[in-house]
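Comments concern the structure below.
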Amino acid sequence: MTAAATMAAAARDLVLRSGASDMEEEEGSLGGGPGLQEPLQLGELDITSDEFILDEVDVHIQANLEDELVKEALKTGVDLRHYSKQVELELQQIEQKSIRDYIQESENIASLHNQITACDAVLERMEQMLGAFQSDLSSISSEIRTLQEQSGAMNIRLRNRQAVRGKLGELVDGLVVPSALVTAILEVPVTEPRFLEQLQELDAKAAAVREQETRGTAACADVRGVLDRLRVKAVTKIREFILQKIYSFRKPMTNYQIPQTALLKYRFFYQFLLGNERATAKEIRDEYVETLSKIYLSYYRSYLGRLMKVQYEEVAEKDDLMGMEDTAKKGFFSKPSLRSRNTIFTLGTRGSVISPTELEAPILVPHTAQRGEQRYPFEALFRSQHYALLDNSCREYLFICEFFVVSGPAAHDLFHAVMGRTLSMTLKHLESYLADCYDAIAVFLCIHIVLRFRNIAAKRDVPALDRYWEQVLALLWPRFELILEMNVQSVRSTDPQRLGGLDTRPHYITRRYAEFSSALVSINQTIPNERTMQLLGQLQVEVENFVLRVAAEFSSRKEQLVFLINNYDMMLGVLMERAADDSKEVESFQQLLNARTQEFIEELLSPPFGGLVAFVKEAEALIERGQAERLRGEEARVTQLIRGFGSSWKSSVESLSQDVMRSFTNFRNGTSIIQGALTQLIQLYHRFHRVLSQPQLRALPARAELINIHHLMVELKKHKPNF
Numbered sequence: 001m002t003a004a005a006t007m008a009a010a011a012r013d014l015v016l017r018s019g020a021s022d023m024e025e026e027e028g029s030l031g032g033g034p035g036l037q038e039p040l041q042l043g044e045l046d047i048t049s050d051e052f053i054l055d056e057v058d059v060h061i062q063a064n065l066e067d068e069l070v071k072e073a074l075k076t077g078v079d080l081r082h083y084s085k086q087v088e089l090e091l092q093q094i095e096q097k098s099i100r101d102y103i104q105e106s107e108n109i110a111s112l113h114n115q116i117t118a119c120d121a122v123l124e125r126m127e128q129m130l131g132a133f134q135s136d137l138s139s140i141s142s143e144i145r146t147l148q149e150q151s152g153a154m155n156i157r158l159r160n161r162q163a164v165r166g167k168l169g170e171l172v173d174g175l176v177v178p179s180a181l182v183t184a185i186l187e188v189p190v191t192e193p194r195f196l197e198q199l200q201e202l203d204a205k206a207a208a209v210r211e212q213e214t215r216g217t218a219a220c221a222d223v224r225g226v227l228d229r230l231r232v233k234a235v236t237k238i239r240e241f242i243l244q245k246i247y248s249f250r251k252p253m254t255n256y257q258i259p260q261t262a263l264l265k266y267r268f269f270y271q272f273l274l275g276n277e278r279a280t281a282k283e284i285r286d287e288y289v290e291t292l293s294k295i296y297l298s299y300y301r302s303y304l305g306r307l308m309k310v311q312y313e314e315v316a317e318k319d320d321l322m323g324m325e326d327t328a329k330k331g332f333f334s335k336p337s338l339r340s341r342n343t344i345f346t347l348g349t350r351g352s353v354i355s356p357t358e359l360e361a362p363i364l365v366p367h368t369a370q371r372g373e374q375r376y377p378f379e380a381l382f383r384s385q386h387y388a389l390l391d392n393s394c395r396e397y398l399f400i401c402e403f404f405v406v407s408g409p410a411a412h413d414l415f416h417a418v419m420g421r422t423l424s425m426t427l428k429h430l431e432s433y434l435a436d437c438y439d440a441i442a443v444f445l446c447i448h449i450v451l452r453f454r455n456i457a458a459k460r461d462v463p464a465l466d467r468y469w470e471q472v473l474a475l476l477w478p479r480f481e482l483i484l485e486m487n488v489q490s491v492r493s494t495d496p497q498r499l500g501g502l503d504t505r506p507h508y509i510t511r512r513y514a515e516f517s518s519a520l521v522s523i524n525q526t527i528p529n530e531r532t533m534q535l536l537g538q539l540q541v542e543v544e545n546f547v548l549r550v551a552a553e554f555s556s557r558k559e560q561l562v563f564l565i566n567n568y569d570m571m572l573g574v575l576m577e578r579a580a581d582d583s584k585e586v587e588s589f590q591q592l593l594n595a596r597t598q599e600f601i602e603e604l605l606s607p608p609f610g611g612l613v614a615f616v617k618e619a620e621a622l623i624e625r626g627q628a629e630r631l632r633g634e635e636a637r638v639t640q641l642i643r644g645f646g647s648s649w650k651s652s653v654e655s656l657s658q659d660v661m662r663s664f665t666n667f668r669n670g671t672s673i674i675q676g677a678l679t680q681l682i683q684l685y686h687r688f689h690r691v692l693s694q695p696q697l698r699a700l701p702a703r704a705e706l707i708n709i710h711h712l713m714v715e716l717k718k719h720k721p722n723f
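All residue numbers for the sequence shown refer to full-length UniProt numbering, where the first residue is 1 and numbers rise by one.
Printed below as a string of structure tokens:
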């Protein structure tokens, strides 16, 4: 049925298209002429318009002709008019059938219509409800925005009130005086921890009230009276406590370091006074300064006086100089007869006073030393005195800085207010002692003690003694230089003819110099000082000149050389024991010793072998100048030299060895000289052999009597002393 309907529709479409022209004619005839009827508005179907496109019609016709049903109808030759009527009939039948179906379903359609109408009513009510809800939501949104604004404003007010409450709470807490504070300040002893805690609370409240008063807070007037009364009570109790501690320093035999340590536990007391009652704080500080300055002065004056009683009884005087005569009457530079006698030019064990272990050793106790009949050199007393001064000064400076809350220049001023009188007394005593001191080693050791103590004070971070150390050094250095210059002058002015009998042994003045110079050099090596080396250089020059002046007193050159070698060797040996091997003094005396030793060996070989030495030198000079032919006339002389050497060399060497060992006090030095002499003798005889090997002397009959050089070396080794 569907296919038939489709075909009918297609046929009807063709009929309509084919009869389009007839319909136009009929429409034209039905028009009845112009003005009777308005022209039809066909729009896109108006093919008479200029916009109609014939190409599109052709395309449409071509598309319909390609339809399958149309092709089938055209093939079968169906009459399209008849087929069109048949299709219309079928459409009418279908339409009637649809009408019957519609009539049958009319109740359902009416019911559906009613339901749709009811739904429309419901939807309308829903629309009204939604509209009302939308309106309500709009009002709620505005109310929520209003509530949000109110909430923000309330939150700001809350924060402001909390901030005000916090500040007000702090203000109230800072101003309110609790009963526990009042009870502690009035009743609790100052040594109790509770009093210290409440005192800190009182100090904080007083500071808070002062701050608020500057801001004009009226509430401060309500608590000012209470705080003032508590402050007065606290100041009174603290003042009594601290003054009691200070007065306890004055008791005899009191170790003032113990109450000082106790005061450090309550150093906040002074801070409280400093912030709340400056007059009382100044009173306490002045009382402390007055008390401690007297205690230190009394202690050090007493200690210094008792300390000087254990010094050596025999000390250097102004005549105890290096160039003074060593007479039996004087007896000062001779070997000490007393076990405790001090030495002037010898360091000995005195240098241990600047060793690290001895430098910071416990101070000397005078009454203990007196009971044990012990005596000490001045440098030991100086070390003990100044170590006590250093230790107490460091402790006092640190206490002042911590308890009195001072630093920098203020700490220095307060320290010197306490220790100034003691330091001045110590300087005056040192100045008085140095005026009659002629012990250069003691003064030099004191200088190095001060240098080391100054380093210790710097390590302890106590700069308050720097000025004192400078003042002490300003006293010690000039005195040391003066004593050294006095010794230089004494050596320079010494007249060898007034020294009595002379011998070739080391002179006591050179021995003094050797001990003295080695002592100063060994001390100066730890902390070098150029000025000291310059003064020692001047002294060395004068001693060398003195040795030459004394040597000139001997008649023979041999004795002069023996004296010089003995003195140079002694000074060199002493210096090498104490000073470094590369020091200027060691190098200088080594050169002098070598030069004089070589000269002495030549002088020693001259008597027994002088003819041989002269001939070898002359012959070598002739050979060098090319005049060797002149040696032919020396055959008799050469023969005499050969036979003389062969007959006397052993006795000459034996005599030479004995003479050397008698002449020199240092056997090791004598052995070295003998070895040098024998070596030079072998070299001389070897040169003599080379001269005799010249053609001019080669045929000399006496050459057969020459001693074999190797045999001579073996024989000479037998004369080598062993020590």
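Where a beta carbon is used, it is the ideal one built from N, C-alpha and C, also for glycine.
Point to revise | As assigned by DSSP and simplified to three states, the class of glutamine 311 | key: In this structure, glutamine 311 counts as strand in the three-state DSSP scheme.
Point to revise | Classification of threonine 346 by the beta-carbon crowding that lies within 10 angstroms, buried from 16 upward | key: Under the 10 Å beta carbon count, threonine 346 is surrounded by 16 or more other beta carbons and is classified as buried.
Check your understanding: Is tyrosine 376 helix, strand or coil when you go by DSSP?
Key -> DSSP, read as helix, strand or coil, puts tyrosine 376 in strand.
Practice item. Identify, in the order they occur along the chain, each residue of the same chain with its Cβ nearer than 6 Å to the Cβ of alanine 519, setting aside the five sequence neighbours on each side. Key: Excluding positions up to five away in sequence, the list reads Leu347 and Ile441.
Point to revise | Bounding residues of the alpha helix (DSSP H) (the contiguous stretch that carries glutamate 90) | key: Segment 80-104, the alpha helix (DSSP H) holding glutamate 90.
Review point. Using the rule of at least 16 other Cβ atoms within 10 Å of the residue's Cβ for burial, across every protein chain shown, is tryptophan 515 buried or exposed?
Key: Note that residue 515 is glutamate in the sequence shown, not tryptophan. Burial call: buried.
Review point. Thinking C-alpha only, which one of Ser588, Ser655, Met571 and Gln627 is nearest proline 607?
Key: Nearest C-alpha to proline 607: Ser655.
Point to revise | Cβ shell of methionine 324 (< 7 Å), same chain only, five flanking positions each side left out | key: These residues qualify, in order along the chain: Ser490.
Exercise for review: Specify, as a first and last residue, the run of the alpha helix (DSSP H) that glutamate 66 falls within.
Suggested key: Counted as a single uninterrupted DSSP element, the stretch harbouring glutamate 66 is not any alpha helix (DSSP H), since DSSP gives it neither H nor E.
Check your understanding: What's the call for phenylalanine 133, buried or exposed, on a 16-neighbour Cβ count within 10 Å?
Key -> By the 16-neighbour rule on beta-carbons within 10 angstroms, phenylalanine 133 is exposed.
**Study point:** Sequence-distant residues of its chain with Cβ nearer than 7 Å to phenylalanine 332 (five each side left out)
**Key:** Because the pLDDT at phenylalanine 332 is just 41, under 50, the model does not fix this residue reliably, and the value given afterwards should be weighed accordingly. Cβ neighbours of phenylalanine 332 beyond the five flanking positions: Asp320.
Review point. Between the C-alpha atoms of threonine 357 and cysteine 446, what's the straight-line distance to the nearest angstrom?
Key: One alpha carbon belongs to threonine 357, the other to cysteine 446, and they sit about 16 Å apart.
Exercise for review: Grab the span of the alpha helix (DSSP H) containing serine 606 for me, first residue to last.
Suggested key: Serine 606 -> alpha helix (DSSP H) spans 584-625.
Practice item. Could you check the C-alpha separation between alanine 621 and valine 638 for me, to the nearest Å? Key: As the crow flies, the alpha-carbon of alanine 621 is around 16 Å from that of valine 638.
**Study point:** Alpha-carbon spacing of glutamate 559 relative to threonine 504, whole angstroms
**Key:** A straight-line Cα-Cα distance of about 7 Å links glutamate 559 and threonine 504.
Point to revise | glutamine 198 burial status per 10 Å Cβ neighbour count (16 or more: buried) | key: Result: buried.
Check your understanding: If you draw a straight line from the C-alpha of arginine 375 to the C-alpha of aspartate 439, how long is it?
Key -> Arginine 375 and aspartate 439: Cα-Cα distance of roughly 16 Å.
Exercise for review: Quick one: residues in its chain with C-beta nearer than 8 Å to the C-beta of isoleucine 400, no 5 flanking neighbours on either side, listed in chain order?
Suggested key: Setting aside the 5 residues that flank it on each side, isoleucine 400 is surrounded in the same chain by Val406, Ala411, Leu414, Phe415 and Val418, each with a C-beta closer than 8 Å to its C-beta; the list follows chain order.
Point to revise | phenylalanine 453 and leucine 381 closer than 7 Å at C-beta | key: No, these two residues do not count as a Cβ contact at 7 Å.
Review point. Do the stretch 587-595 and the stretch 680-699 touch if we need at least three Cβ pairs shorter than 8 Å?
Key: The answer is no - the stretch 680-699 does not touch the stretch 587-595, with fewer than three Cβ pairs under 8 Å.
Point to revise | Contacts around glutamine 471, its chain only, beta-carbon distance under 7 Å, and the 5 residues preceding and following it disregarded | key: Closer than 7 Å at Cβ, skipping near neighbours: Leu427.
Exercise for review: Determine the contact status of valine 450 and leucine 473, defining contact as a CB-CB distance below 7 Å.
Suggested key: Cβ atoms of valine 450 and leucine 473: closer than 7 Å.
Check your understanding: Can valine 353 and arginine 395 be called in contact, C-beta distance under 7 Å?
Key -> No; because the gap between Cβ atoms is not below 7 Å, this pair is not in contact.
Check your understanding: The alpha helix (DSSP H) spanning leucine 414 covers which residue range?
Key -> Where leucine 414 is concerned, the enclosing alpha helix (DSSP H) starts and stops at 409-435.
Check your understanding: In the structure shown, what three-state DSSP assignment does isoleucine 185 receive?
Key -> Isoleucine 185 carries a helical assignment under DSSP once its states are collapsed to helix, strand and coil.
Point to revise | Nearest-angstrom Cα separation, counted from glutamine 497 out to arginine 703 | key: Cα-Cα distance, rounded: 53 Å.
Review point. Between arginine 549 and leucine 641, what straight-line distance do the alpha-carbon atoms span, to the nearest angstrom?
Key: Each residue's alpha carbon lies about 39 Å from the other.
Review point. Under 6 Å from any heavy atom of the ligand SAM, does the C-beta of aspartate 466 make it?
Key: For the structure depicted, the ligand SAM is absent and the ligand set is empty, with no information on it obtainable.
Practice item. Measure the Cβ-Cβ separation of arginine 512 and leucine 564 and say whether it is below 7 Å. Key: Cβ distance not < 7 Å, so arginine 512 and leucine 564 don't count as in contact.
Exercise for review: For leucine 42, name the three-state secondary structure that DSSP assigns.
Suggested key: The pLDDT assigned to leucine 42 is 47, lower than 50, so where the model puts this residue is not dependable, and the model offers no usable value.
Check your understanding: Cα separation between methionine 23 and arginine 81?
Key -> In this prediction, methionine 23 scores a pLDDT of 39, lower than 50, which makes its location untrustworthy; no coordinate-derived value is stated.
Practice item. Taking only the alpha-carbon atoms, compute the straight-line gap between glutamate 283 and lysine 294 and give it to the nearest angstrom. Key: Cα to Cα, the separation comes out at about 17 Å.
**Study point:** Cutoff 8 Å; reference phenylalanine 475; Cβ partners in own chain excluding five residues on either side
**Key:** Just to set this straight, residue 475 is leucine in the shown sequence, not phenylalanine. Within the same chain, Cβ atoms closer than 8 Å to the Cβ of leucine 475 are found at Leu427, Leu430, Glu431 and Leu434, the five residues on either side in sequence being excluded.
Exercise for review: Look up serine 493 in the DSSP assignment and say whether it is helix, strand or coil.
Suggested key: In the displayed model, serine 493 falls within coil according to three-state DSSP, outside both helix and strand.
Check your understanding: So does the stretch 267-280 actually touch the stretch 186-202, counting three or more Cβ pairs closer than 8 Å?
Key -> The stretch 267-280 is in contact with the stretch 186-202.
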